[in-house]
Amino acid sequence: MKKFNLIILLLIAATGVNAQQIQTGVVGGHLLPSDKQVIIMVNAPDAGTKSLNIFRKYKSYEVSKDQSGTGDFKKQVVVTFPASYSEFKKRAGSSVADEFKIKVKARDDAEAWATLQSGDVQKIGYFFLSKEFLEGIGMMWTDTDIKGNSAATVYRVSGIDAAGKTEVIYTEAVSAVKRVPFPKFKLNRALVADSVVQFTWSVPAPAANPAVFASVYKKSSISKRFTVAAERLIVYNRDDSLHVYFTEKVNPGELLTYYMQPYDMAGNKGASSDPSSHLTKSFKSIATITGLKVKDTTNALYLSWNALPRQAVYSGIQILKSRSAQKDFVVADTLAPNAVNYLDRKVLPNMVYYYQVRPLLVPYPGFKMLPTATANGSMQVKNERPSKPGGLTAKQDSTRFIVLSWDKNPELDLFAYYVLRGTSAKDMQVISPPIRDTVYRDSLKYLNGATQYVYAVQVMNLAQNMSDISAPVGIRPLKAQYVASPAGVQSRWADRAVSLKWENTVAVYDNVIGYIVFRREKGQPFFKMISKVERLPFFRDTLATPGKTYEYGVTSVDAFANQSLLSSLTELTVPTYDFISPPSDFYLINKTDGIQLTWPGNDKGNDYVVYRKAVTAKSFSKVSDVKNAVTYVDKTVQPGVLYVYKITAMLNKVESNAGQEKAIRRAK
């Protein structure tokens, strides 16, 4: 196996692997399998050798395969060293052969052939990283006919010497090849300029690393999918970490996204790095707005400028505006980065306006605010009516006001708005003073709750020209009326709930549509609503807590959600007997260390309280709380005293009534 260690670090596989393949690879060995091929290491120099004389002992190598693992080997290929440089060129391809000739500084094929025959590892150098080169010199062979392969498939490589004698070098099954996970690379360093990008992806070196090469993929902001930017990058080890370095020339101003994916010598691919996006632009070379002009046009000022370069660094164009040349600039609008003009209709006649226009940049480290281009202009006097207001709405926000709101008019030379009201669109009068806002509150004090009112808005400009009346809107006020409280509220305990009933106010008053029930624990200051609007004059409270005393009240509700005052209160203490009962019986026995009490368990819990008194005492005293048990030994008794005991049950901090009482005399 050690014979192949040198080549393991020099090989490359040139096959595409399905992205869904399990992300494990092979570190090295005789066989390098993937899901589309199996690379067979035919031969290799001894580790540490300076010469590549791999055909010194054997003149050729035979590769055989036992596809089913039954011992039936069939010859696949006989591998030899090329007989000439032209044969090497035919095997490896013209591009590899020509590049090799340039690398070794050979003047012709003869000199290149001599270097190849010498097997000088130092001169051959990085060509050990070319699959085509290694296959061309007979160091490896790739089996692409693997559809019938399985884990039982076995390969055998035999050496054949000059006399034709055959010797088996190794036999190995595909199942013997160990697969290990790929490491997950992360972007470690990124240098981005106008015309070049440089990236380094890194990961701490694992104990066993199948990642030998990497592909880099990229996508621009206008592309739908990633494409290959680099296919064969070497994964190198430095400072106990694995690194992949990539650089390429780019166009200025592009927004590019990159990621890398490692793969092993057989073409098995690992997990991709997370994609990262980068702008290929230096802040110093970003263009600003040029050629800004302001021109008077109909009812507006027209701004124009030269187009910005079509680059991804721009996120928009900002228009700032002021009536002063030095201060008080506010943002008037933000346009797309490809905009070359802007029409400002929000201007007053004969008023000079100052504009600043600048590009906005995407958020990116090192990018700051760009300087602005400046220009000014004014609009000639126009004698036109303002546009009629739009977006009028009317709603009642309380029992006191109708609130009207509308959209702000685009004109800047407006004096005020006026609100009109009537009972129809043909019968409306101005009811408001001049309004500078777009909201008006009309009091309900003099409005009739049974009448439908119609509202509209009109606006006047500084030249006292009135607009047309807006589209009208109608609304009927909801005015509060007297709501009678329910009478005769009663409560009782029945069927494990508090049952409430009261006078049927709905049947007596036309405006009452239902009731709402309120409850509070006695002694508390506030009531809590415990029902929705009930249509019938009764209610069952199933959530009352045993042992607590509650006060209940009821209000009536009309169709406009107005409520009456709270009714007179009814009070009820929730009994405990429906929830928990004391033990049905218990037993007393004199024990050495005290009096033992034993009782049958309760199906609603095993928490109890034991009470005791001397027969001559007037009242019981609590002896103990018994948690989760049905027996207790009273060790505090005195000899010869006659004691009486009783037991209660506890459930959720509620104590039942006491059960029967029993007496026992403590033995002397």
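Residue numbers (mature numbering (1 follows the signal peptide of the UniProt record, and there is no 0)): -19 to -1, 1 to 649.
All C-beta atoms, glycine included, are put in the ideal place defined by N, C-alpha and C.
Inter-residue distance for Met631 and Tyr589 is about 5 Å (C-alpha atoms, whole angstroms). Between Ile494 and Ser512, the CB-CB gap reaches or exceeds 7 Å. Using a Cβ-Cβ distance cut-off of 8 Å, the segment 553 to 561 and the segment 525 to 540 are in contact, since at least three pairs of beta carbons, one from each stretch, lie closer than that value. In the structure shown, Leu425 falls within a coil segment according to DSSP collapsed to helix, strand and coil. Distance from the CA of Leu110 to the CA of Gln103, rounded to the nearest whole angstrom, comes to 13 Å. The continuous beta strand (DSSP E) containing Glu532 extends over residues 530 to 539. Contact between Lys199 and Ala210 holds, since their C-beta atoms are separated by about 4 Å, short of 8 Å.
Between Leu236 and the set Ala406, Ser285, Pro344, Ser201, the nearest pair of CA atoms involves Ser201.
Taking every protein chain shown into account, the CB of Glu392 has 16 or more other CB atoms within 10 angstroms, so this residue is buried. When the beta-carbon positions are compared, Tyr427 and Val400 stay at least 7 Å from each other. Counting along the chain, Asp124 sits inside the beta strand (DSSP E) bounded by residues 121 to 124.
Residue environment analysis places Pro564 among the buried positions, since at least 16 neighbouring C-beta atoms fall within 10 angstroms of its C-beta. Non-local C-beta neighbours of Ser637 in its own chain, meaning closer than 6 Å and more than five positions away in sequence, comprise Thr557, Ile561, Ser562, Pro563, Thr629, Ala630, ordered along the chain. Within the same chain, Leu623 come within 6 Å of Arg646 by CB-CB distance, once the 5 residues on both sides are set aside.
By the Cβ rule, the segment 302 to 320 does not count as touching the segment 262 to 278, because fewer than three pairs are nearer than 8 Å. For Thr374, same chain residues with a beta-carbon under 6 Å away, outside a window of 5 residues either side, are Ser386 in chain order. Sorting Lys302, Arg291, Tyr295 by C-alpha distance to the C-alpha of Val275 places Lys302 at the top.
Between Tyr436 and Val464, the C-beta gap is not smaller than 7 Å, which leaves the two residues out of contact.
In this structure the segment 127 to 135 touches the segment 47 to 55; the number of beta carbon pairs closer than 8 Å is three or more. Per DSSP, Ser605 is one residue of the beta strand (DSSP E) stretching across 602 to 607. Of the candidates Ser183, Gln57, Lys407, Gly119, the residue whose Cα lies closest to the Cα of Tyr39 is Gly119. For Val489, no beta strand (DSSP E) segment is defined; the enclosing uninterrupted segment is the alpha helix (DSSP H) at 486 to 489. Straight across, the Cα-Cα distance linking Arg72 with Leu115 is about 10 Å. The C-alpha of Arg500 is placed about 5 Å away from the C-alpha of Phe508.
Under DSSP, the beta-bridge partners assigned to Leu341 are Gly297. Selection Glu365, Ala288, Lys634 evaluated against Asn587 yields Lys634 as nearest (Cα-Cα). Per DSSP, Gln577 is one residue of the beta strand (DSSP E) stretching across 575 to 579. With a cutoff of 7 Å on beta-carbon distance, Asn446 and Arg326 are scored as not near each other. Relative to Thr536, the option among Asn357, Trp483, Leu569, Asp584 whose CA is nearest is Trp483. For Ser131, the three-state secondary structure derived from DSSP is coil. By the criterion of at least three beta-carbon pairs nearer than 8 Å, the segment 179 to 197 is not in contact with the segment 140 to 148. Under the three-pair Cβ rule at 8 Å, the segment 465 to 475 does not count as touching the segment 402 to 413. Cβ neighbours of Asp559 within its own chain (closer than 6 Å, five residues either side excluded): Arg477.
Rounded to the nearest whole angstrom, the CA to CA distance from Val338 to Asp418 is 30 Å. By the CB criterion at 7 Å, Met350 and Pro330 fall outside the cutoff.
DSSP lists Val479 as the bridge partner or partners of Trp474.
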